[in-house]
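Chemist: Let me begin by handing over the structure; questions about it come next.
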Amino acid sequence: MLDKERRPVGFRRNTKYLILQPHSENKTAKTMAEMKMKKAELIFLPFPEIGHLASALQLAQLLINRGNHLSITILCTKFHYTPFSDVYTRSVLASHPQIKLIDLTHVELPPQELLLKSLPGYILTFMQSLVPHVKATIQNIQSSTSNPVIGLVLDFICAFMIDVGNDLGIPSYLFMPSNVGFLSFLLSLQKRQIEDVFKFNDSSDPHLLVPGFSNLVPSSVLPDSVFNKEGGYAAYYKISQRLRDAKGIIVNTFSELEQGYIDALFDGQSQTPHIYAAGPLIDLKGGPHPNLDQNQHESILKWLDEQPPFSVVFLCFGSRGSFDPSQTREIALGLRRSGVRFLWAMRFPTPTKDNAERTLPEGFLEWMEMEGRGLLCEWAPQVEILAHRAIGGFVSHCGWNSILESLWFGVPILTWPVYAEQQLNAFTMVREWGLGVELRVDYRRGSDPVLAEEIEKGLKRLMDKDNVVHKKVQDMKEVARKAVLSDGSSFTSIGKLIDDMIANH
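Going by our numbering, the letters in the sequence shown line up with residues 278 to 782, in that order.
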(Lines of atoms letter the chains of each structure in order from A and count residues from 1; the text may use other names and numbers.)
(Lines give C-alpha, C1' and ligand atoms only; values in the text may rest on other atoms or scores of the structure.)
Protein backbone atom coordinates (compact mmCIF):
# COMPACT_ATOMS: atom_id res chain seq x y z
CA MET A 1 0.00 0.00 0.00
CA LEU A 2 1.20 3.51 -0.77
CA ASP A 3 0.71 5.18 2.58
CA LYS A 4 -1.11 8.51 2.48
CA GLU A 5 1.37 10.07 4.88
CA ARG A 6 4.08 9.63 2.27
CA ARG A 7 2.05 10.88 -0.71
CA PRO A 8 1.95 14.66 -1.29
CA VAL A 9 -1.27 16.51 -2.04
CA GLY A 10 -1.77 16.73 -5.77
CA PHE A 11 0.19 13.59 -6.66
CA ARG A 12 -1.70 11.67 -9.34
CA ARG A 13 -0.30 8.30 -10.22
CA ASN A 14 -2.31 7.60 -13.36
CA THR A 15 -2.76 11.09 -14.78
CA LYS A 16 -2.56 11.23 -18.56
CA TYR A 17 -1.44 14.49 -20.08
CA LEU A 18 -2.76 14.92 -23.59
CA ILE A 19 -1.65 18.51 -24.14
CA LEU A 20 2.04 19.03 -24.78
CA GLN A 21 3.99 21.99 -23.54
CA PRO A 22 4.86 24.25 -26.50
CA HIS A 23 8.47 23.98 -27.70
CA SER A 24 8.96 25.78 -30.98
CA GLU A 25 12.72 26.12 -31.30
CA ASN A 26 12.85 24.20 -34.59
CA LYS A 27 9.35 24.69 -36.01
CA THR A 28 6.65 27.31 -35.78
CA ALA A 29 4.01 26.58 -33.15
CA LYS A 30 1.44 26.02 -35.88
CA THR A 31 3.62 23.54 -37.75
CA MET A 32 4.42 21.62 -34.58
CA ALA A 33 0.74 21.45 -33.66
CA GLU A 34 -0.11 20.13 -37.11
CA MET A 35 2.62 17.50 -36.92
CA LYS A 36 1.41 16.37 -33.49
CA MET A 37 -1.92 15.42 -35.01
CA LYS A 38 -0.24 12.78 -37.17
CA LYS A 39 0.43 9.29 -35.88
CA ALA A 40 4.07 8.45 -35.33
CA GLU A 41 6.01 5.40 -34.19
CA LEU A 42 8.86 4.97 -31.71
CA ILE A 43 10.89 1.78 -31.37
CA PHE A 44 12.48 0.87 -28.03
CA LEU A 45 15.37 -1.53 -27.54
CA PRO A 46 15.86 -1.89 -23.77
CA PHE A 47 18.46 -4.10 -22.14
CA PRO A 48 16.53 -7.01 -20.53
CA GLU A 49 17.80 -6.62 -16.97
CA ILE A 50 15.25 -5.39 -14.43
CA GLY A 51 17.34 -2.43 -13.33
CA HIS A 52 17.40 -1.19 -16.94
CA LEU A 53 14.02 -2.51 -18.02
CA ALA A 54 11.80 -1.09 -15.27
CA SER A 55 12.63 2.55 -15.95
CA ALA A 56 12.61 2.06 -19.74
CA LEU A 57 9.05 0.72 -19.55
CA GLN A 58 8.05 3.66 -17.37
CA LEU A 59 9.48 6.00 -20.00
CA ALA A 60 7.50 4.26 -22.74
CA GLN A 61 4.27 4.59 -20.76
CA LEU A 62 4.99 8.23 -20.01
CA LEU A 63 5.54 9.04 -23.68
CA ILE A 64 2.28 7.31 -24.61
CA ASN A 65 0.40 9.19 -21.90
CA ARG A 66 1.84 12.51 -23.00
CA GLY A 67 1.54 12.01 -26.74
CA ASN A 68 -1.74 10.39 -27.80
CA HIS A 69 -0.49 10.49 -31.39
CA LEU A 70 2.39 8.15 -30.55
CA SER A 71 2.59 4.39 -30.71
CA ILE A 72 5.54 2.41 -29.42
CA THR A 73 7.02 -0.96 -30.33
CA ILE A 74 9.36 -2.59 -27.83
CA LEU A 75 11.85 -5.13 -29.14
CA CYS A 76 12.11 -7.88 -26.54
CA THR A 77 15.35 -9.76 -26.03
CA LYS A 78 15.62 -13.18 -24.44
CA PHE A 79 18.68 -13.32 -22.20
CA HIS A 80 19.12 -16.43 -20.08
CA TYR A 81 20.50 -14.48 -17.11
CA THR A 82 17.29 -12.42 -16.89
CA PRO A 83 14.48 -14.99 -17.33
CA PHE A 84 11.97 -12.87 -15.41
CA SER A 85 12.22 -9.88 -17.77
CA ASP A 86 9.66 -11.18 -20.27
CA VAL A 87 6.99 -11.82 -17.62
CA TYR A 88 7.69 -8.44 -16.05
CA THR A 89 7.42 -6.59 -19.37
CA ARG A 90 4.10 -8.16 -20.35
CA SER A 91 2.62 -7.58 -16.91
CA VAL A 92 3.62 -3.91 -16.74
CA LEU A 93 2.36 -3.13 -20.25
CA ALA A 94 -0.87 -5.16 -20.12
CA SER A 95 -3.01 -2.01 -19.89
CA HIS A 96 -1.27 -0.18 -22.74
CA PRO A 97 -2.53 -1.40 -26.13
CA GLN A 98 -0.61 1.44 -27.84
CA ILE A 99 2.61 -0.34 -26.85
CA LYS A 100 3.36 -3.43 -28.93
CA LEU A 101 5.91 -6.11 -28.13
CA ILE A 102 7.98 -7.98 -30.70
CA ASP A 103 10.24 -10.86 -29.69
CA LEU A 104 13.61 -10.76 -31.41
CA THR A 105 15.01 -13.92 -32.94
CA HIS A 106 16.88 -16.03 -30.42
CA VAL A 107 20.63 -15.95 -30.98
CA GLU A 108 23.42 -18.22 -29.82
CA LEU A 109 25.04 -17.11 -26.59
CA PRO A 110 28.69 -16.03 -26.54
CA PRO A 111 31.24 -18.57 -25.26
CA GLN A 112 31.12 -19.22 -21.51
CA GLU A 113 34.81 -18.39 -21.17
CA LEU A 114 34.04 -14.81 -22.21
CA LEU A 115 31.59 -14.54 -19.31
CA LEU A 116 34.26 -15.73 -16.89
CA LYS A 117 36.61 -13.03 -18.15
CA SER A 118 34.22 -10.08 -18.20
CA LEU A 119 30.46 -9.72 -17.71
CA PRO A 120 30.29 -6.36 -19.59
CA GLY A 121 32.25 -7.87 -22.48
CA TYR A 122 29.91 -10.87 -22.55
CA ILE A 123 26.81 -8.65 -22.52
CA LEU A 124 28.12 -6.38 -25.26
CA THR A 125 29.04 -9.34 -27.47
CA PHE A 126 25.57 -10.82 -26.97
CA MET A 127 23.78 -7.57 -27.82
CA GLN A 128 25.99 -7.02 -30.89
CA SER A 129 24.93 -10.42 -32.21
CA LEU A 130 21.37 -9.05 -32.39
CA VAL A 131 22.21 -6.32 -34.93
CA PRO A 132 20.97 -8.10 -38.09
CA HIS A 133 17.77 -9.21 -36.35
CA VAL A 134 17.09 -5.73 -34.98
CA LYS A 135 17.65 -4.20 -38.40
CA ALA A 136 15.38 -6.71 -40.15
CA THR A 137 12.64 -6.23 -37.54
CA ILE A 138 12.73 -2.45 -37.88
CA GLN A 139 12.58 -2.74 -41.68
CA ASN A 140 9.49 -4.94 -41.32
CA ILE A 141 7.88 -2.34 -39.06
CA GLN A 142 8.66 0.43 -41.54
CA SER A 143 7.19 -1.52 -44.44
CA SER A 144 4.03 -2.53 -42.57
CA THR A 145 2.90 0.88 -41.32
CA SER A 146 2.11 4.19 -42.94
CA ASN A 147 3.13 6.01 -39.77
CA PRO A 148 6.68 7.36 -39.76
CA VAL A 149 9.18 5.84 -37.35
CA ILE A 150 10.51 9.02 -35.76
CA GLY A 151 13.04 7.55 -33.36
CA LEU A 152 14.88 4.61 -31.88
CA VAL A 153 15.20 4.67 -28.09
CA LEU A 154 18.20 2.48 -27.26
CA ASP A 155 19.57 1.45 -23.90
CA PHE A 156 23.00 3.07 -23.63
CA ILE A 157 24.59 -0.40 -23.69
CA CYS A 158 23.23 -0.67 -27.24
CA ALA A 159 24.80 2.60 -28.42
CA PHE A 160 26.40 0.74 -31.34
CA MET A 161 22.85 0.26 -32.70
CA ILE A 162 22.95 3.93 -33.70
CA ASP A 163 24.43 2.60 -36.95
CA VAL A 164 21.21 0.67 -37.57
CA GLY A 165 19.21 3.86 -37.17
CA ASN A 166 21.55 5.73 -39.49
CA ASP A 167 21.25 3.02 -42.16
CA LEU A 168 17.45 3.19 -41.99
CA GLY A 169 17.18 6.97 -41.72
CA ILE A 170 15.89 6.95 -38.13
CA PRO A 171 17.31 9.25 -35.42
CA SER A 172 18.59 7.42 -32.34
CA TYR A 173 18.15 8.49 -28.72
CA LEU A 174 19.97 6.76 -25.90
CA PHE A 175 18.31 5.90 -22.61
CA MET A 176 20.45 6.07 -19.47
CA PRO A 177 18.72 4.23 -16.59
CA SER A 178 21.41 5.52 -14.25
CA ASN A 179 22.36 9.15 -13.52
CA VAL A 180 24.15 12.02 -15.23
CA GLY A 181 27.17 11.56 -12.96
CA PHE A 182 27.72 8.05 -14.36
CA LEU A 183 27.11 9.37 -17.87
CA SER A 184 29.77 12.02 -17.27
CA PHE A 185 32.20 9.31 -16.18
CA LEU A 186 31.50 7.29 -19.34
CA LEU A 187 32.01 10.34 -21.54
CA SER A 188 35.33 11.02 -19.80
CA LEU A 189 36.57 7.60 -20.96
CA GLN A 190 36.54 8.91 -24.53
CA LYS A 191 39.58 11.03 -23.72
CA ARG A 192 41.56 8.28 -22.03
CA GLN A 193 43.68 5.56 -23.52
CA ILE A 194 43.51 2.12 -21.95
CA GLU A 195 47.10 2.41 -20.68
CA ASP A 196 46.23 5.65 -18.88
CA VAL A 197 43.36 4.01 -17.02
CA PHE A 198 45.46 1.14 -15.70
CA LYS A 199 48.31 3.51 -14.74
CA PHE A 200 45.75 5.64 -12.92
CA ASN A 201 44.53 2.65 -10.90
CA ASP A 202 48.10 1.70 -9.95
CA SER A 203 49.19 5.22 -8.99
CA SER A 204 49.87 6.36 -5.43
CA ASP A 205 47.10 8.99 -5.66
CA PRO A 206 44.36 7.24 -7.65
CA HIS A 207 41.80 10.03 -8.02
CA LEU A 208 40.05 11.08 -11.19
CA LEU A 209 38.65 14.44 -12.27
CA VAL A 210 35.17 13.84 -13.72
CA PRO A 211 33.18 16.77 -15.17
CA GLY A 212 30.46 17.93 -12.79
CA PHE A 213 31.83 16.30 -9.64
CA SER A 214 32.86 18.74 -6.93
CA ASN A 215 35.23 16.13 -5.47
CA LEU A 216 37.96 14.11 -7.12
CA VAL A 217 36.62 10.61 -7.74
CA PRO A 218 38.74 7.82 -6.21
CA SER A 219 39.41 4.72 -8.28
CA SER A 220 37.94 2.64 -5.45
CA VAL A 221 34.40 3.79 -6.35
CA LEU A 222 34.63 3.08 -10.09
CA PRO A 223 33.14 -0.13 -11.53
CA ASP A 224 35.45 -3.13 -11.22
CA SER A 225 35.11 -3.84 -14.91
CA VAL A 226 36.78 -0.55 -15.86
CA PHE A 227 40.06 -2.08 -14.67
CA ASN A 228 39.42 -5.47 -16.27
CA LYS A 229 42.03 -6.01 -19.01
CA GLU A 230 40.20 -9.02 -20.48
CA GLY A 231 37.23 -7.25 -21.98
CA GLY A 232 35.72 -5.14 -19.22
CA TYR A 233 37.42 -1.86 -20.01
CA ALA A 234 37.06 -2.48 -23.75
CA ALA A 235 33.28 -2.82 -23.34
CA TYR A 236 32.97 0.45 -21.41
CA TYR A 237 35.25 2.20 -23.88
CA LYS A 238 33.24 1.01 -26.91
CA ILE A 239 30.06 2.32 -25.32
CA SER A 240 31.66 5.66 -24.47
CA GLN A 241 32.83 6.13 -28.06
CA ARG A 242 29.26 6.18 -29.38
CA LEU A 243 27.42 8.24 -26.77
CA ARG A 244 27.95 11.56 -28.55
CA ASP A 245 26.59 10.12 -31.82
CA ALA A 246 23.03 10.08 -30.46
CA LYS A 247 20.46 12.77 -31.21
CA GLY A 248 19.81 13.01 -27.49
CA ILE A 249 20.32 11.18 -24.21
CA ILE A 250 17.33 10.53 -21.94
CA VAL A 251 18.36 10.15 -18.29
CA ASN A 252 16.36 8.79 -15.37
CA THR A 253 16.97 11.82 -13.18
CA PHE A 254 15.59 15.30 -12.53
CA SER A 255 17.49 18.47 -13.25
CA GLU A 256 17.24 19.89 -9.72
CA LEU A 257 19.30 16.92 -8.50
CA GLU A 258 21.98 16.95 -11.21
CA GLN A 259 21.97 20.34 -12.92
CA GLY A 260 25.65 20.89 -12.11
CA TYR A 261 26.60 17.65 -13.86
CA ILE A 262 24.45 18.53 -16.86
CA ASP A 263 25.99 22.00 -17.14
CA ALA A 264 29.51 20.55 -16.92
CA LEU A 265 28.88 18.39 -19.99
CA PHE A 266 28.15 21.49 -22.07
CA ASP A 267 31.39 23.32 -21.44
CA GLY A 268 31.92 24.21 -25.08
CA GLN A 269 34.89 21.87 -25.45
CA SER A 270 32.98 18.90 -26.82
CA GLN A 271 29.74 18.14 -28.62
CA THR A 272 27.36 16.54 -26.13
CA PRO A 273 23.86 15.59 -27.31
CA HIS A 274 20.94 17.25 -25.59
CA ILE A 275 20.25 15.66 -22.21
CA TYR A 276 16.60 15.09 -21.32
CA ALA A 277 16.20 14.72 -17.54
CA ALA A 278 12.99 12.67 -17.51
CA GLY A 279 12.78 11.20 -14.02
CA PRO A 280 12.16 9.96 -11.50
CA LEU A 281 10.87 7.07 -13.63
CA ILE A 282 9.51 4.77 -10.94
CA ASP A 283 7.12 1.84 -11.17
CA LEU A 284 4.87 2.86 -8.27
CA LYS A 285 2.88 -0.35 -8.61
CA GLY A 286 6.03 -2.27 -7.82
CA GLY A 287 5.68 -4.85 -10.56
CA PRO A 288 5.23 -8.60 -10.04
CA HIS A 289 7.85 -11.08 -8.93
CA PRO A 290 7.61 -14.87 -9.25
CA ASN A 291 9.26 -15.49 -5.86
CA LEU A 292 6.79 -13.32 -3.92
CA ASP A 293 3.49 -15.09 -3.29
CA GLN A 294 0.39 -13.28 -2.06
CA ASN A 295 0.53 -14.75 1.45
CA GLN A 296 4.12 -13.59 1.91
CA HIS A 297 3.21 -10.20 0.50
CA GLU A 298 0.33 -9.77 2.93
CA SER A 299 2.33 -11.00 5.93
CA ILE A 300 5.07 -8.42 5.28
CA LEU A 301 2.61 -5.54 5.09
CA LYS A 302 0.67 -6.80 8.13
CA TRP A 303 3.87 -6.90 10.18
CA LEU A 304 4.76 -3.36 9.08
CA ASP A 305 1.27 -2.15 10.01
CA GLU A 306 1.97 -3.28 13.58
CA GLN A 307 5.20 -1.26 13.91
CA PRO A 308 5.50 2.37 15.13
CA PRO A 309 5.94 5.10 12.50
CA PHE A 310 9.47 5.51 11.11
CA SER A 311 10.85 2.77 13.38
CA VAL A 312 11.86 0.05 10.90
CA VAL A 313 15.04 -0.31 8.86
CA PHE A 314 14.58 -2.05 5.51
CA LEU A 315 17.62 -4.00 4.26
CA CYS A 316 17.68 -4.97 0.59
CA PHE A 317 20.68 -5.37 -1.71
CA GLY A 318 19.14 -5.88 -5.14
CA SER A 319 18.53 -8.94 -7.26
CA ARG A 320 22.21 -9.98 -7.12
CA GLY A 321 22.88 -8.72 -3.60
CA SER A 322 23.72 -11.87 -1.67
CA PHE A 323 26.56 -12.23 0.84
CA ASP A 324 28.71 -15.11 2.03
CA PRO A 325 27.79 -16.72 5.37
CA SER A 326 30.38 -14.82 7.42
CA GLN A 327 29.17 -11.41 6.18
CA THR A 328 25.55 -12.44 6.70
CA ARG A 329 26.33 -13.29 10.32
CA GLU A 330 27.96 -9.88 10.82
CA ILE A 331 24.79 -8.20 9.54
CA ALA A 332 22.68 -10.22 11.97
CA LEU A 333 24.93 -9.35 14.91
CA GLY A 334 24.92 -5.68 13.95
CA LEU A 335 21.13 -5.64 13.78
CA ARG A 336 20.79 -7.30 17.17
CA ARG A 337 23.27 -4.94 18.85
CA SER A 338 21.70 -1.83 17.33
CA GLY A 339 18.28 -2.55 18.81
CA VAL A 340 16.48 -1.27 15.70
CA ARG A 341 13.41 -2.91 14.22
CA PHE A 342 14.18 -4.38 10.82
CA LEU A 343 12.81 -6.00 7.69
CA TRP A 344 15.61 -7.89 5.95
CA ALA A 345 15.30 -9.18 2.38
CA MET A 346 17.89 -11.93 2.76
CA ARG A 347 19.08 -13.55 -0.45
CA PHE A 348 21.47 -16.41 -1.01
CA PRO A 349 23.48 -17.41 -4.10
CA THR A 350 21.75 -20.81 -4.06
CA PRO A 351 18.35 -20.61 -2.34
CA THR A 352 17.41 -23.54 -0.10
CA LYS A 353 14.81 -23.89 2.63
CA ASP A 354 17.32 -23.99 5.47
CA ASN A 355 19.68 -21.23 4.31
CA ALA A 356 18.76 -18.86 7.13
CA GLU A 357 18.95 -21.54 9.83
CA ARG A 358 22.39 -22.69 8.69
CA THR A 359 23.83 -19.21 8.16
CA LEU A 360 22.56 -16.95 10.95
CA PRO A 361 24.21 -16.86 14.40
CA GLU A 362 22.97 -19.43 16.88
CA GLY A 363 19.89 -18.19 18.69
CA PHE A 364 19.27 -15.27 16.31
CA LEU A 365 15.98 -16.59 14.90
CA GLU A 366 14.71 -17.43 18.38
CA TRP A 367 15.65 -13.97 19.65
CA MET A 368 13.97 -12.34 16.67
CA GLU A 369 10.75 -14.28 17.24
CA MET A 370 10.73 -13.60 20.97
CA GLU A 371 11.42 -9.88 20.66
CA GLY A 372 9.23 -9.35 17.59
CA ARG A 373 11.61 -6.68 16.34
CA GLY A 374 12.51 -8.20 13.00
CA LEU A 375 11.21 -10.03 9.95
CA LEU A 376 13.13 -12.00 7.33
CA CYS A 377 12.01 -12.59 3.76
CA GLU A 378 13.68 -13.65 0.54
CA TRP A 379 11.88 -11.16 -1.69
CA ALA A 380 10.00 -8.01 -0.72
CA PRO A 381 7.75 -5.52 -2.55
CA GLN A 382 10.29 -2.71 -2.29
CA VAL A 383 8.13 0.19 -3.47
CA GLU A 384 5.29 -0.67 -1.10
CA ILE A 385 7.73 -1.09 1.76
CA LEU A 386 9.48 2.24 1.20
CA ALA A 387 6.06 3.90 0.98
CA HIS A 388 4.96 2.48 4.33
CA ARG A 389 4.82 4.85 7.30
CA ALA A 390 6.73 2.34 9.49
CA ILE A 391 9.92 2.61 7.43
CA GLY A 392 12.50 5.03 8.79
CA GLY A 393 15.66 3.95 6.98
CA PHE A 394 16.95 1.86 4.08
CA VAL A 395 20.19 -0.15 3.96
CA SER A 396 20.72 -0.32 0.20
CA HIS A 397 23.12 -1.51 -2.48
CA CYS A 398 22.63 1.92 -4.06
CA GLY A 399 21.25 0.78 -7.38
CA TRP A 400 19.95 3.91 -9.07
CA ASN A 401 16.31 2.78 -9.13
CA SER A 402 16.49 2.10 -5.38
CA ILE A 403 18.01 5.53 -4.75
CA LEU A 404 15.26 7.27 -6.69
CA GLU A 405 12.60 5.27 -4.86
CA SER A 406 14.11 6.19 -1.50
CA LEU A 407 14.18 9.88 -2.43
CA TRP A 408 10.61 9.70 -3.75
CA PHE A 409 9.37 8.39 -0.41
CA GLY A 410 11.76 10.45 1.73
CA VAL A 411 13.59 7.46 3.24
CA PRO A 412 17.29 8.02 4.06
CA ILE A 413 19.81 5.45 2.84
CA LEU A 414 22.73 3.75 4.59
CA THR A 415 25.10 3.02 1.69
CA TRP A 416 26.34 -0.52 1.05
CA PRO A 417 27.16 -0.83 -2.68
CA VAL A 418 27.90 -4.24 -4.15
CA TYR A 419 28.59 -4.18 -7.93
CA ALA A 420 28.49 -2.22 -11.23
CA GLU A 421 28.26 1.57 -10.78
CA GLN A 422 26.80 1.29 -7.28
CA GLN A 423 30.02 2.43 -5.60
CA LEU A 424 29.97 5.62 -7.67
CA ASN A 425 26.30 6.10 -6.78
CA ALA A 426 27.09 5.70 -3.07
CA PHE A 427 30.00 8.15 -3.32
CA THR A 428 27.71 10.64 -5.04
CA MET A 429 24.93 10.27 -2.47
CA VAL A 430 27.26 10.71 0.51
CA ARG A 431 30.14 12.94 -0.58
CA GLU A 432 28.57 14.99 -3.37
CA TRP A 433 24.97 15.50 -2.26
CA GLY A 434 24.90 14.71 1.46
CA LEU A 435 21.75 12.65 0.89
CA GLY A 436 23.08 9.34 2.24
CA VAL A 437 24.56 8.02 5.48
CA GLU A 438 27.89 6.30 4.86
CA LEU A 439 28.50 2.73 5.87
CA ARG A 440 30.83 2.04 2.95
CA VAL A 441 31.03 3.77 -0.43
CA ASP A 442 33.69 1.45 -1.85
CA TYR A 443 32.53 -2.00 -0.71
CA ARG A 444 32.56 -4.71 -3.36
CA ARG A 445 32.82 -8.48 -3.37
CA GLY A 446 36.25 -9.40 -2.10
CA SER A 447 36.49 -6.31 0.13
CA ASP A 448 37.25 -6.52 3.83
CA PRO A 449 34.03 -7.59 5.55
CA VAL A 450 31.80 -5.00 7.18
CA LEU A 451 31.90 -5.97 10.84
CA ALA A 452 28.98 -5.99 13.26
CA GLU A 453 30.31 -3.00 15.21
CA GLU A 454 30.48 -0.91 12.03
CA ILE A 455 26.97 -1.99 11.03
CA GLU A 456 25.61 -1.19 14.50
CA LYS A 457 27.05 2.34 14.41
CA GLY A 458 25.79 2.90 10.87
CA LEU A 459 22.26 1.80 11.77
CA LYS A 460 22.17 4.14 14.76
CA ARG A 461 23.33 7.09 12.62
CA LEU A 462 20.74 6.20 9.99
CA MET A 463 17.87 6.15 12.48
CA ASP A 464 18.97 9.26 14.37
CA LYS A 465 16.15 11.73 13.69
CA ASP A 466 18.53 14.64 14.38
CA ASN A 467 20.82 13.55 11.54
CA VAL A 468 20.79 16.36 8.95
CA VAL A 469 20.41 13.76 6.20
CA HIS A 470 16.78 13.19 7.24
CA LYS A 471 15.86 16.82 6.57
CA LYS A 472 17.76 16.93 3.28
CA VAL A 473 16.08 13.75 2.03
CA GLN A 474 12.63 15.09 2.96
CA ASP A 475 13.36 18.30 1.07
CA MET A 476 14.54 16.35 -1.99
CA LYS A 477 11.38 14.23 -1.84
CA GLU A 478 9.29 17.35 -2.44
CA VAL A 479 11.58 18.49 -5.26
CA ALA A 480 11.44 15.07 -6.96
CA ARG A 481 7.64 15.00 -6.88
CA LYS A 482 7.28 18.54 -8.17
CA ALA A 483 9.56 17.66 -11.12
CA VAL A 484 6.94 15.34 -12.63
CA LEU A 485 3.92 17.63 -12.17
CA SER A 486 2.53 19.61 -15.10
CA ASP A 487 4.77 22.61 -14.48
CA GLY A 488 7.79 20.59 -13.35
CA SER A 489 11.22 20.28 -14.91
CA SER A 490 10.89 16.64 -15.98
CA PHE A 491 7.39 17.20 -17.37
CA THR A 492 8.78 20.03 -19.49
CA SER A 493 11.78 17.93 -20.52
CA ILE A 494 9.52 15.11 -21.76
CA GLY A 495 7.50 17.63 -23.75
CA LYS A 496 10.67 18.93 -25.36
CA LEU A 497 11.80 15.38 -26.12
CA ILE A 498 8.57 14.64 -27.99
CA ASP A 499 8.78 17.92 -29.89
CA ASP A 500 12.42 17.30 -30.79
CA MET A 501 11.68 13.77 -31.97
CA ILE A 502 9.04 15.14 -34.33
CA ALA A 503 11.27 17.98 -35.50
CA ASN A 504 14.35 15.78 -36.02
CA HIS A 505 12.54 13.27 -38.21
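Think of the CB as a built atom: it goes at the ideal place given N, C-alpha and C, for glycine as much as any other residue. Please read these numbers as outputs of a predicted model, since none were measured by experiment.
If we call anything under 8 Å between Cβ atoms a contact, is GLU682 one with VAL660?
Modeler: yes
Chemist: State yes or no: is the C-beta of GLY676 within less than 8 Å of the C-beta of GLN700?
Modeler: No, the Cβ-Cβ distance between GLY676 and GLN700 is not below 8 Å.
Chemist: Looking only at its own chain, which residues have a Cβ that is under 7 Å from the Cβ of ALA697, when we skip the five neighbours before and after it?
Modeler: PRO500
Chemist: Measuring only the C-alpha atoms, how far is MET740 from LEU612?
Modeler: Using only the alpha carbons, I get a separation of about 12 Å.
Chemist: What do you reckon, are the CB atoms on ILE668 and PHE543 nearer than 8 Å?
Modeler: No. Outside cutoff.
Chemist: Going by DSSP in three states, GLU634 sits in which element: helix, strand or coil?
Modeler: In the three-state reduction of the DSSP assignment, GLU634 falls in the helix class, which pools H, G and I.
Chemist: Go ahead and pull the three-state DSSP assignment for GLU302.
Modeler: Any reading at GLU302 needs caution, since the residue's pLDDT is 38, under 50, leaving its predicted position unreliable; the model's value is listed next. Residue state, collapsed to three classes: coil.
Chemist: Please report the distance separating the alpha-carbon of GLY428 from that of LEU319.
Modeler: 5 Å
Chemist: Since ALA555 and VAL528 should fall inside the 8 Å C-beta cutoff, what is the C-beta to C-beta distance between them, to a whole number of angstroms?
Modeler: Contact holds; Cβ gap of about 7 Å.
Chemist: DSSP beta-bridge partners for CYS654?
Modeler: In the DSSP assignment, CYS654 is bridged to ALA622.
Chemist: Do you know how far the Cα of GLY508 is from the Cα of PRO397?
Modeler: 7 Å
Chemist: For SER421 and ILE732, what's the separation of their Cα atoms in angstroms?
Modeler: 58 Å
Chemist: Let me know if MET404 comes out buried or exposed under the rule of 16 or more other beta-carbons within 10 Å of its beta-carbon.
Modeler: buried
Chemist: So what does DSSP say about ALA780, is it helix, strand or coil?
Modeler: helix
Chemist: Along the chain, where does the beta strand (DSSP E) that runs through LYS377 open and close?
Modeler: 376-380
Chemist: Looking only at C-alpha atoms, which of PRO726, ALA760, THR692 and SER406 sits nearest to PHE600?
Modeler: PRO726
Chemist: Just tell me which of SER348, PHE452 and SER497 has its CA closest to the CA of ALA703.
Modeler: SER497
Chemist: My parser needs the alpha helix (DSSP H) runs of 4 or more residues fully inside the region 403-447; what are they?
Modeler: 408-421 and 439-445
Chemist: Beta strand (DSSP E) containing VAL714: first to last residue?
Modeler: 713-715
Chemist: Is it true that the CB of SER461 sits closer than 8 Å to the CB of ALA331?
Modeler: no
Chemist: Counting C-beta neighbours from all protein chains within 10 Å, is the total for LEU728 16 or more, i.e. buried, or is it exposed?
Modeler: exposed
Chemist: Using DSSP bridges, identify the partner residues of TYR553.
Modeler: ILE527
Chemist: Which of helix, strand or coil does DSSP assign to HIS383?
Modeler: In the three-state DSSP reduction, HIS383 falls in the coil class, being neither helix nor strand.
Chemist: Between the Cα of GLN467 and those of TYR450, PRO448 and VAL487, spot the shortest distance and give me the residue it belongs to.
Modeler: VAL487
Chemist: Work out the CA separation of GLU326 and ILE400 for me, nearest whole Å.
Modeler: 11 Å
Chemist: Exposed or buried, which one is SER372 when buried takes at least 16 other CB atoms within 10 Å?
Modeler: exposed
Chemist: If we call anything under 8 Å between Cβ atoms a contact, is ILE339 one with ILE771?
Modeler: Position check: residue 339 holds Leu in this sequence, whereas Ile was assumed. Contact flag set, yes.
Chemist: Go ahead and label ILE434 buried or exposed: buried means 16 or more other beta carbons lie within 10 angstroms of its beta carbon, across all protein chains shown.
Modeler: Of the residues assessed, ILE434 falls on the buried side of the cut-off, its CB having 16 or more other CB atoms within 10 angstroms.
Chemist: For LEU663 versus VAL695, is the C-beta distance shorter than 8 Å?
Modeler: no
Chemist: Would you please state the rounded distance, in angstroms, between the beta carbons of ILE351 and LEU381? I believe it to be under 8 Å.
Modeler: Not a contact, Cβ separation roughly 10 Å.
Chemist: What first and last residue would you give for the alpha helix (DSSP H) that runs through PHE452?
Modeler: That residue, PHE452, is in no alpha helix (DSSP H); its beta strand (DSSP E) goes 449-453.
Chemist: With burial defined as no fewer than 16 other Cβ atoms inside 10 Å of the residue's Cβ, what is the status of HIS357: buried or exposed?
Modeler: exposed
Chemist: Tell me the rounded alpha-carbon separation between LYS562 and SER368.
Modeler: 11 Å
Chemist: Tell me, to the nearest whole angstrom, how far the beta carbon of LEU520 is from that of LEU451; I am working on the premise that it is less than 8 Å.
Modeler: Contact flag correct, Cβ pair sits at about 7 Å.
Chemist: So, LYS524 versus SER449, is the Cβ gap smaller than 8 Å?
Modeler: yes
Chemist: Tell me, which residues are paired with ILE320 by DSSP?
Modeler: BP columns for ILE320 point to THR350 and LEU429.
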